[in-house]
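J.: So the sequence shown is numbered by my numbering: it starts at 2 and just counts up by one.
Here a beta-carbon is modelled for each residue, glycine too, at the ideal position from N, C-alpha and C.
For clarity, every value in this text was computed on a predicted model and none was experimentally measured.
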Amino acid sequence: MNLRTWYGVRRLYEARFRERVLLMLVVIAALYYVIWSVVQWVTLTPTALRFDFVNYFGGAQAAAHGTDIYADFKRSWGIESWVVAYIYPPFFALLLAPLTSLGLVAAARIWLLVVHAAFLVALALILRIHPELSHSGRRLFLLASFTFMPVYLNLKFQQVATLWLLLLTATLWAALRRRSGLAGVFIAAAASLKVSPIFLIPLFARLSRWRIAVLGSLTLVGVTVVSMLAAPGSWQFFTVVLPRIGLGTANWDNGSIDGLVSRIVELAPGLFGGATQVVAKVTIVTAAVVVIG
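#1: Taking DSSP as the reference, what is the three-state secondary structure of Phe238?
#2: Does the structure place the region 213-223 close enough to the region 182-195 that three or more beta carbon pairs sit under 8 Å?
#3: Pick out whichever of Ile199, Asp73, Phe273, Phe18 has its Cα sitting closest to the Cα of Leu219.
#4: Quick one, are the C-beta atoms of Ser77 and Ala86 less than 7 Å apart?
#5: In three-state DSSP terms, what is Tyr153?
#6: Can you look up Leu272 in the DSSP assignment and give me helix, strand or coil?
#7: Work out the CA separation of Gly234 and Val152 for me, nearest whole Å.
#8: Is the number of C-beta pairs between the region 160-169 and the region 112-122 that are closer than 8 Å three or more?
#9: Grouping DSSP H, G and I as helix and E and B as strand, with all else coil, what is Pro132?
#10: Relative to the C-alpha of Ala145, which residue among Ala269, Leu45, Val28, Val286 is closest?
#11: Which residues in the same chain have their Cβ closer than 7 Å to the Cβ of Val224, if we skip the five residues on either side of it in sequence?
#12: With 16 as the cutoff for other CB atoms within 10 Å, does Phe18 come out buried or exposed?
#13: Using 7 Å as the threshold, is the C-beta distance between Gln237 and Tyr71 below it?
#14: Please identify the residue among Val266, Gly271, Ala276, Val262 whose C-alpha is closest to the C-alpha of Ile285.
#15: By how many angstroms is the C-alpha of Ala175 removed from the C-alpha of Thr68?
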């Protein structure tokens, strides 16, 4: 029995039929994304905001009133402190501060629109960066994007990841077009929302794109200084939050390499005897070095 002779299977060997099937799947996935997003936006409640966004909002409220952005973190830090406190750079809290006057739910609705817009623009920009992709390649990319579970987790918890994705994509777009100033600004903006993109600076330096690395560093320093002046006490992000923030990385929601290593250490603290912690730290640093290249 030759499966290729079956009608449905045989049609898949026809290029035009495959294109139509892919297009149909993309349309279905996009419709699901739209319906899911609209339902979430319309039915948003304070209970649904009890994870990430309520922490963003708390930090933004503190920034708006000139109080300690990291007060909640200092009061409750521990193995899961990241769940119940603002732990991001001060710039992000200042960025959201204007929304706090609208109240939690209204602010979250506006924030969700920004999150969706960032995701869609990032997809368009990625496709623009890769003009060599065929129609099938573009449709496969869109299908994968609209069915990617972490996208829906990001939306469910109102996380900053899509804005971060847009800034990283914009950095690559600017770098490919030799617009070093823009690339530096995008790196600085991304690292001011979440620290991880700071690793792009040594990466560009290694690629001999020194102008991007230097401009990104200077812009990041400038944004950080202005943020610290605008939010007194925000220097504690570097002296209090960052040194302790690793305590929550073993949570199963953390899909990063350091999260995986932290979970292994938590489950088997004596795996390498007294050297377990050292081995874990070396593994995480080695992974970072490998990523940077």
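T.: This is what the structure gives:
#1: helix
#2: yes
#3: Ile199
#4: yes
#5: helix
#6: coil
#7: 34 Å
#8: yes
#9: coil
#10: Val28
#11: Phe92, Ala189, Ser193
#12: exposed
#13: yes
#14: Val262
#15: 37 Å
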